[in-house]
Amino acid sequence: MGNYPIPTNKALSGVRVLDMTHVQAGPTSSQLLAWLGADVVKFEAPTGDITRQQLAVTRNGKREESFYFKMLNSNKRSITVNMKSKAGQEVFEQLVKNCDVIMDNFGPGVLTRLGYPNEKLQELNKGLIIASIKGFGASGPYASYKAYEPIAQAMGGAMAVTGSMEGPPTISGAFIGDSGTGVHLALGICAALYHRTHNGGIGQEVEAAMQDSVLNLCRVKMRDHQRLLGGTAGLSEYSPPTMGLTYVPRALNDSGGGHIGSAIPCKPFGPNDYVYMVAQAPIVPVLLKEIGLAPDDERFAPAAARNKNQVEFWKYVSEYTKNYDKFEVTARFNSLDIPCGPVLSTDEITRDEHLAHREMWVKVEGHPEGDYYTVGMPVKLSLGNVDKIFPSPGLGEHNEEISKSVCGFSDADYKRLQESGAFTSPPKK
Ligand SMILES: CC(C)(COP(=O)(O)OP(=O)(O)OC[C@H]1O[C@@H](n2cnc3c(N)ncnc32)[C@H](O)[C@@H]1OP(=O)(O)O)[C@@H](O)C(=O)NCCC(=O)NCCS
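For the sequence shown, this note's numbering begins at 148 and goes up steadily by one.
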C-alpha cells in the first residue's frame with residue numbers, strides 16, 4: 148500500500164489504535180475506526196493474521212492473499228512483532244505508550260500470559276483505552292471458553308429461533324457474532340474516547356462479548372419470550388402454533404414484528420426468486436385489491452383474522468406474484484406503498500445500482516496483487532469518513548515507518564531491534 152496517508156481531518160483523526168485483533172470480530176471493528184479516520188496500526192505476530200492465508204484463492208496459477216484478510220483490514224498499517232522476544236516487547240511497550248486505544252480479540256488470558264495484564268498496560272499509559280472482544284467476557288462460568296461465530300449464535304439465542312421447527316436450529320448467514328460484536332466494540336471505544344476527553348484523560352477497559360452481542364441482536368425474540376407468559380399466552384403473528392410453548396419457536400420467514408410478513412416466490416422460480424413483503428396494516432386493503440380480492444375481505448382485512456389465516460393469505464399473494472419476476476413485483480408494490488423487496492443473491496448485490504450509489508460495494512485500487520472489491524462503510528458521517536478505501540497492508544509493510552515515526556526509535560535502535568528478532572520469528576542469528 149506504500150505510504151498510507153493518515154487522515155488529518157476526519158471524525159477520529161488524532162486517535163491512534165494499536166490493533167492486535169485477528170480473524171474477523173476484531174478486525175471488522177478496527178476497520179470501522181480506520182474508516183472514521185483513526186490511525187490503525189495492525190500489530191501481527193511475524194506469522195501474520197491467520198486470515199491472510201485462510202480461504203485464499205489461486206488465480207492464474209498464483210496463490211493470492213485472501214479476500215478474508217483484504218476485506219477486513221483496509222486503511223491500516225501493518226507491523227509484525229514477536230511478542231515472545233524481549234526486543235519485541237520493547238517495541239510493544241513503545242507502541243502502548245504512543246497509542247490511545249489497544250484492541251484485541253485473543254483467546255482468554257493471552258495478553259496476561261504474554262506478561263501484559265490490563266493493570267500493566269494502564270501503568271504504561273494511564274490514558275489507554277483497553278478494548279477487548281471475548282467470546283464470553285472476562286468473568287463468569289464461560290469466561291475460559293474460546294468462541295467462533297456459530298458458537299456465539301448458538302449461545303446468544305439466535306440459532307434456536309432461526310429456521311423451521313421441522314428442521315434443526317440454524318445459523319444466520321449474517322455474521323452477527325463476529326462482525327456484530329465488532330460494531331458493539333467500536334461503539335464502546337468511541338464512548339470511552341469521549342469520556343477520556345471530558346475526564347482528565349483517563350482511559351478505561353471496554354469489553355464486548357460475542358454471546359452478549361448476539362443476545363442484544365435477539366432482543367425482540369426475548370420480547371416474544373416474555374409475551375408467552377410462561378406457556379399461558381400465544382403469539383398470534385407466528386405461523387407455527389405457539390400456545391402452551393415456554394420458548395419462542397423457529398418461524399422460518401415470519402416477520403417477527405407487529406405486521407405479518409413472508410418470502411413469496413416469483414417467476415422464474417430460481418433459488419433466489421422471492422420477494423419479502425410485509426402486510427403493513429394500513430395498506431392491506433390496497434394489497435387485497437391489487438391481488439384481486441375485496442379490500443374488506445373478512446378473512447384477511449381485520450388484523451386478528453389475517454394473523455389466524457396467514458398461510459392462506461400468503462397463498463393468495465403467491466398466486467399474484469407468480470406472474471411476475473421479483474423486480475416487477477417490487478416496483479409495482481412499492482408504487483402502491485406496500486413494503487416489499489427482492490431477495491438479492493450475492494451476484495445481484497455486486498450489480499445493485501443502489502448499493503453502488505451508496506458506495507457499499509467498492510472497488511479497492513492499488514493492491515500489488517490487483518484491484519479487488521470490498522463492502523463499504525455502512526455509517527456515513529457528513530464530515531467524518533475517510534475519502535477513499537485503501538488496500539490492506541502487506542505483512543510487516545510498515546515495520547520501519549511505525550518503529551521510527553510512532554515509537555520514536557532511531558535508525559540505530561531499529562537496526563538493533565531488527566537484529567534481535569523483534570520483528571521476526573524466530574530471531575535472526
Ligand atoms: C478466535 C480464537 C478462538 C482463536 O484461538 P487461537 O488461534 O488459539 O488464538 P489465541 O487468541 O487463543 O492465541 C493466540 C496465540 O498467539 C500468540 N501471539 C499473538 N500475538 C503474538 C505476537 N505478536 N507474538 C508472539 N505470539 C503472539 C499468543 O501469545 C497466543 O499464544 P499462547 O496460546 O501461547 O498464549 C480465540 O482467539 C478467541 O477465542 N478469541 C476471542 C473470541 C473471538 O474473537 N472469536 C471470533 C474470532 S472471528
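Even glycine gets a Cβ: it sits at the ideal position worked out from N, Cα and C. Quick caveat: nothing in here was measured; it's all calculated off a predicted structure.
M312 and G391 have their C-alpha atoms some 15 Å from each other.
Its chain contains Q171, A172, E296 as the residues whose beta carbon lies nearer than 6 Å to that of D325, once the 5 sequence neighbours on both sides are disregarded; these appear in chain order.
Looking at the DSSP output, D251 shares a beta bridge with S279. In the DSSP annotation of this structure, the continuous segment of the alpha helix (DSSP H) that includes F214 starts and ends at 214-217.
The beta carbon of Q269 is closer than 8 Å to those of L275, I277, G350 in its chain, skipping five residues each way along the sequence. A contact between stretches requires three or more CB pairs, one per stretch, nearer than 8 Å, and the region 529-545 meets this requirement with the region 213-232. A straight-line Cα-Cα distance of about 26 Å links D420 and G523. Here the C-alpha atom of R563 lies approximately 48 Å from the C-alpha atom of N363. Of the other Cβ atoms in all chains shown, fewer than 16 fall within 10 Å of the Cβ of S291; this residue is therefore exposed. Listed in chain order, the non-local C-beta contacts of Q201 below 7 Å within the same chain comprise S213, Y215, local neighbours out to five positions each way being set aside. Counting only runs of at least 3 residues, the region 226-251 fully encloses the following beta strand (DSSP E) elements, listed from N- to C-terminal order: 248-251.
Across the structure, V490 and R453 are spaced so that their CA atoms are roughly 24 Å apart. DSSP places P297 in the uninterrupted alpha helix (DSSP H) bounded by 296-302.
The shortest CA-to-CA distance from G284 to any of E352, F460, Y341 is the one to E352.
At a threshold of 6 Å, A192 counts as near ligand 1, since its beta carbon sits closer than that to one of the ligand's heavy atoms. Beta-bridge partners of L165 (DSSP): V188, I249. Here the distance from the Cβ of Q236 to the nearest heavy atom of ligand 1 is not below 6 Å.
Annotation: M507 is outside any alpha helix (DSSP H) and is labelled neither H nor E by DSSP.
In the DSSP assignment, I336 falls within the alpha helix (DSSP H) that extends over 326-345. Selection H345, A321, M424, D558 evaluated against W461 yields M424 as nearest (Cα-Cα). A residue is called buried when at least 16 other Cβ atoms come within 10 angstroms of its Cβ; I336 meets this threshold and is buried. Across the set P315, E548, V361, K189, the C-alpha of V361 shows the shortest separation from the C-alpha of F322.
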